[in-house]
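Trainee:
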Amino acid sequence: MNNEVMTDEYYMRLAIEEAVVAGAEDEVPIGAVVINEAGEVIARGHNKREQLKSPSAHAEFLAIEDAAKKLEAWRLSGCTVYVTLEPCIMCSGLMHQSRIARCVFGAFDQKAGALSTLYNIADDERLNHNFEVTGGVLEVECAKLLSDFFKARRNKKTPNS
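Our numbering numbers the first residue of the sequence shown as -4 and each following residue consecutively.
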């Protein structure tokens, strides 16, 4: 296993930790971390849409916003975002706007994925910034967090016999 794969798995496990926190808070279990060029984690985030009553409170959106505040810059050049689910078009657009260098995601999103599955903002040559994308890192673990969460939610809704 090469160093990049091992490194990607390490940071994805940190994103998974954030996803677990989201699930414990009854949020969809998606987590994210942002690292700088030196490999230091500069921001973390997990879904908070229900808590904040905000459609933009996605894990990667919150982590990117936090990273920008900490760096006191909107350009996150050289930064990598790790997120447990393929980003939607809003979050992929934010990655483009913040000029990240790379996004690494876990599970592919068949309903809203905008970096591989339904669309790929990162490779759209019409845009003024492109970035590297790696998908499927710890995909099974990331997908299981989501499927277990929604299965438990469905089971809560079934009437008791």
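Cβ coordinates follow ideal geometry from the N, Cα and C atoms, glycine included.
Taking the alpha-carbon of L141 as reference, which of T112, L80, K106 has the nearest alpha-carbon?
Mentor: Minimum Cα distance to L141 is reached at L80.
Trainee: When you compare only the Cα positions, how much space is there between G131 and I11?
Mentor: Cα to Cα, the separation comes out at about 13 Å.
Trainee: Are R94 and S111 close, meaning C-beta to C-beta below 7 Å?
Mentor: No, the Cβ-Cβ distance between R94 and S111 is not below 7 Å.
Trainee: For the stretch 111 to 129 against the stretch 81 to 100, are there 3 or more C-beta pairs whose distance is under 8 Å?
Mentor: Output reads yes: the stretch 81 to 100 touches the stretch 111 to 129.
Trainee: Would you kindly work out how many angstroms separate the C-alpha atoms of Y114 and F56, rounded to a whole number?
Mentor: Cα to Cα, the separation comes out at about 18 Å.
Trainee: Comparing C-alpha positions only, which one of K151, A19, K64 sits nearest to N42?
Mentor: Closest by alpha carbon: A19.
Trainee: Buried or exposed: which applies to A68, given that a residue is buried once 16 or more other Cβ atoms fall within 10 Å of its Cβ?
Mentor: Exposed, by the Cβ-count rule.
Trainee: Under 8 Å by Cβ, that's how I've got C74 and V29 pegged, so tell me the actual separation to the nearest angstrom.
Mentor: About 5 Å; that satisfies the 8 Å criterion.
Trainee: Given a cut-off of 7 Å, decide if A27 and D61 are closer than it, judged by their beta-carbon atoms.
Mentor: Taking 7 Å as the Cβ cut-off, D61 and A27 do not qualify as a contacting pair.
Trainee: Starting from H53, trace the beta strand (DSSP E) in both directions and tell me its first and last residue.
Mentor: H53 -> no beta strand (DSSP E), and no H or E assigned at all.
Trainee: Just to confirm the assignment, what range does the beta strand (DSSP E) spanning F100 have?
Mentor: 97 to 102 is the extent of the beta strand (DSSP E) around F100.
Trainee: Going by the beta-carbon positions, is the gap between Y77 and M7 smaller than 7 Å?
Mentor: Cβ atoms of Y77 and M7: closer than 7 Å.
Trainee: Give me whichever residues DSSP pairs with H91 in a beta bridge.
Mentor: Beta-bridge pairing links H91 to no other residue.
Trainee: Taking C-alpha atoms, which residue in P24, A58, A33, H91 lies nearest to E45?
Mentor: Of the candidates P24, A58, A33, H91, the one whose C-alpha sits nearest the C-alpha of E45 is P24.
Trainee: By Cβ distance below 7 Å, which residues in the same chain neighbour A63 in space, the five residues on each side in sequence not counted?
Mentor: These residues qualify, in order along the chain: W69, L71, S93.
Trainee: Between the Cα of H53 and the Cα atoms of A107, I116, K152, which residue gives the shortest distance?
Mentor: When each option's Cα is compared against that of H53, the closest is A107.
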